[in-house]
Amino acid sequence: MRSQLDRTEKLLIVGLPILIALGFILPEWIVNYIQVSLGTGLVALGVMIQMRAGLVSFGQGLYFCIGGYAAGMAGKFLGISDIFLLLACGLIASVTIAFAAGFLLRRYREIFFAMLSLALSMILFGLLSKLEMLGSTDGFNLPSATYLGWAPEGDTAKHALYVATCIPTIICAFLLNRYLRSPMGYIGEALRENEIRLEYLGTSAHRAVHIKYVIAAGVSGIGGVLWALALGHVDPEMTNWTTSGQFVFISILSGTGNIVAPLFGTFILEIVRVYAVELSPNTWQMILGTLMLLTIIFLPRGLWSLIQEKKHAKKSGGEK
Amino acid sequence: MSTILETVNLERTFGAVVAASNINIKISAGEILGVIGSNGAGKTTFVNMVTGYLKPSSGKILYRGEDITGKPTRDITRLGICRSFQIPQLFLELPVIDNIIIALTIAKEVKPSLLKPAITPEIVDEAMEILKRFEVAQYAESEVGVLAQGIRKLVDIAMATVNNPDLLFLDEPTSGVSAEEKIQIMDVLMAALKTTKTAVLFIEHDMEIVEKYAPRVAAFYEGTILADGPTGEVLDDPKVREFVIGTEFHRKVEENQVGGSV
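Protein chains in written order, with UniProt numbering: chain R, 1 to 320; chain E, 1 to 262.
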């Protein structure tokens, strides 16, 4: 039987054990950054799949926050600490809300889609900032994760959480890659270019947007849960416009050419931020801004385009 | 031949402007019908109404006896009524073959899959067959945006035919291409459509094309059908000559006839 796995899927399958092994080899501070990056990377993936359809979400923090808060509230009010249940809570909450909001958002495109998504995220920001029950602007802490009754402690807990972050992230990336290769994924690409033609081919552009929006929300919700567990804390900043802007930044920096790109892009951004703060504690944002500017000018298709160009050059070289 | 499409007193108004009025037309299976008329005569409005892009203000559209008035475009496409556009509606940044593959995957799946790969060797072969039929296979890997208008027109029509429609509307299939290319394009697309039993309604301004390819013609004028019948009769109709095609065309035809007899 012919393998239906493409190169990205093979890379993800091979990459998972390597990623897990790195958690035991690399210094703790880098492992922490990788772990946090995987959580936010999933949200960037959500932004990226929407961007491929020409939809820029300036409010993806909404589902990042919903995922994190759903897990946090399940722990705080229901005493749930099992990671599988927490992931399920985050996923169900984000998908349910996205499904409802999708009926509104699927009718809008371009700046209107961007601003509406931002508006929804800022409504939640305002709400959470005022809710004393959920810690207002300070947020609240999450319990340590348990795994089907197993409650590791110390370094074992750190490693277990790291592994438990890597596995869902890679599974989500794999499934998203499958989605982008599927007929529905192709319809998403077509959506960016010509909705009239899509309707005349016999499919609903609104439905395609809705599905994409819900999928993006689902992965962002899972990202929110993993990020919240890694930090052990949630607060309304998760849905602030600056957080959402960061996800757009990552997608532009990394490019939309491959599902792996935003995962790398998030890690690169985290590392650049660390060094930028160290180099210039008061004006580190300027360094990030310059990076963004240079990316847009010299690499409009993001860092991934460097790899794509190399691949094309190799291919055309081989053809000669 | 059985009637597949019938419109009854179809009307569309935009405020005080009557874009189409009292449109009564019947199209039979496998028939080829040319539609002529000056700009603003209501030809495209008629196509837009039948294909669900515009809702008629009044009247009925019957497709195989079923009332399809006001149905969404995608439902009408699924019933077997497809169209191409005056300005080709394509996915410009994608290669030609991807355009056809997208059309094929949508045609094959009412609810497209989320996890099954869209590109399979079978679907690529099928897409290539379609491109060969329309003689554009050599452009399969080219991005549509860089292609000439004539090629785009053929790709646009090829996309409209992937689900083997019963009725195909071609909105000015030769507009924006050179005079030499016009006949070439029409020959290619008529040969491609010959293998199917698709009824074709094409809107055209070039009377030579209409005479050559359409056995029946409907002439539109100010939102109504001025004449409908065999091509020769309609083109000779004094009202059609006065209001739709003008005397220029007839002088040209007569000159050609004189030239031919010498």
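Just so you know, even glycine gets a beta-carbon here, dropped at the ideal spot from N, CA and C. For clarity, every value in this text was computed on a predicted model and none was experimentally measured.
Could you list which residues in chain R have their beta carbon closer than 9 Å to that of Thr198(E), in chain order?
The premise fails here: Thr198(E) is roughly 16 Å from chain R at the closest Cβ pair, so nothing lies under 9 Å.
CA-to-CA distance, Glu199(R) to Ser84(E), given in whole angstroms
12 Å
Using a Cβ-Cβ cut-off of 8 Å, state whether Ala190(R) counts as contacting chain E.
yes
Cβ neighbour criterion (16 or more within 10 Å) applied to Asp125(E):
exposed
Cα separation between residue 321(E) and Ala158(E)?
Since the first residue shown for chain E is 1 and the last is 262, residue 321(E) is missing from the structure and cannot be characterised.
Val18(E) lies in the alpha helix (DSSP H); which residues open and close that run?
Segment Val17 to Ser28 is the beta strand (DSSP E) holding Val18(E); no alpha helix (DSSP H) there.
The alpha helix (DSSP H) that contains Thr7(E), what's its start and end?
Per DSSP, Thr7(E) belongs to no alpha helix (DSSP H); it is in the beta strand (DSSP E), Thr3 to Phe14.
Which residue marks the beginning of the alpha helix (DSSP H) containing Gly59(E), and which one marks its end?
Per DSSP, Gly59(E) belongs to no alpha helix (DSSP H); it is in the beta strand (DSSP E), Ser58 to Tyr63.
Give the straight-line distance between the Cα atoms of Leu170(E) and Gln184(E), rounded to the nearest whole angstrom.
16 Å
Would you say Leu226(R) faces chain E, with C-beta separation under 8 Å as the test?
no
Cβ of Ala109(E) within 8 Å of any chain R Cβ
First, the amino acid is wrong: residue 109(E) is Glu here, not Ala. Chain R, which has a Cβ nearer than 8 Å to the Cβ of Glu109(E), makes this yes.
Backbone secondary structure at Pro17(R) - three-state DSSP
helix
Measuring CB atoms only, is the stretch 283 to 294 of chain R touching the stretch 13 to 20 of chain E, in the sense that at least three cross pairs come out at less than 8 Å?
no
Those residues which DSSP pairs with Ala227(E) across a bridge
Ala219(E)
Counting only Cβ pairs nearer than 8 Å, list the residues of chain R close to Gln184(E).
Here the premise fails: no neighbours, minimum Cβ distance about 24 Å.
Which class does Val200(E) belong to by DSSP, given the choice of helix, strand or coil?
strand
Taking contact to mean at least 3 C-beta pairs separated by less than 8 Å, is the stretch 234 to 249 of chain R in contact with the stretch 61 to 70 of chain R?
yes
Determine the extent of the beta strand (DSSP E) in which Asp34(E) is found, giving its start and end residues.
Residue identity check: residue 34(E) is Gly in the sequence provided, not Asp. Ile32 to Ile36 is the extent of the beta strand (DSSP E) around Gly34(E).
Which residues of the stretch 174 to 203 of chain R have a Cβ closer than 9 Å to any Cβ of chain E? Give them in chain order.
Leu175, Arg178, Tyr179, Arg181, Ser182, Pro183, Met184, Gly185, Tyr186, Ile187, Glu189, Ala190, Arg192, Glu193, Asn194, Ile196, Arg197, Leu198, Glu199, Tyr200, Leu201, Gly202 and Thr203
Roughly how many whole angstroms lie between the Cα atoms of Phe220(E) and Glu172(E)?
14 Å
Beta-carbon within less than 6 Å of Thr263(R)'s beta-carbon, same chain only, minus the 5 sequence neighbours each way: which residues are those?
Checking the displayed sequence, the identity of residue 263(R) turns out to be Leu instead of Thr. Hits under 6 Å: Gly41.
Show which residues of chain R have a CB atom less than 8 Å away from the CB atom of Glu211(E).
The premise fails here: Glu211(E) is roughly 29 Å from chain R at the closest Cβ pair, so nothing lies under 8 Å.
Please state whether DSSP places Asp171(E) in a helix, a strand or coil.
strand
Starting from the beta carbon of Glu93(E), find every residue of chain R whose beta carbon is closer than 9 Å, and list them in chain order.
Glu189, Arg192 and Glu193
Best match in Phe140(R), Leu229(R) and Val225(R) for proximity to Ala88(R) [C-alpha to C-alpha]:
Val225(R)
Gln149(E) at chain R interface by Cβ criterion, 8 Å
no
Please list the partners that Ala29(E) has in chain R, where partner means a Cβ-to-Cβ separation under 7 Å.
Ordered by position in chain R, no residue passes the 7 Å Cβ test against Ala29(E), which lies about 21 Å from the chain.
Please classify Arg106(R): is it buried, with 16 or more other beta-carbons within 10 angstroms of its beta-carbon, or exposed?
buried
Against chain R, with Cβ distances strictly below 8 Å, would Ser57(E) count as a contact?
no
From the DSSP secondary-structure annotation, give me the bridge partner or partners of Cys82(E).
Leu168(E)
Which same chain residues, not among the five before or five after Ala230(R), have their C-beta less than 8 Å away from its C-beta?
Asn32, Gln35, Val36, Gly39, Leu161 and Thr165
Taking the C-alpha atoms as reference points, what is the distance between Leu303(R) and Val56(R)?
18 Å
Below-8 Å beta-carbon distance, Lys153(E) vs any chain R residue
no
State the beta-bridge partners of Pro95(E) as determined by DSSP.
Glu143(E)
Are three or more beta carbon pairs between the stretch 119 to 138 of chain E and the stretch 41 to 55 of chain E nearer than 8 Å?
no
Contacts that Glu113(E) makes with chain R (C-beta to C-beta distance below 8 Å)
Glu is not the amino acid found at residue 113(E); the sequence shown has Ser there. Those within 8 Å of Ser113(E) in chain R are Ser182, Pro183 and Met184.
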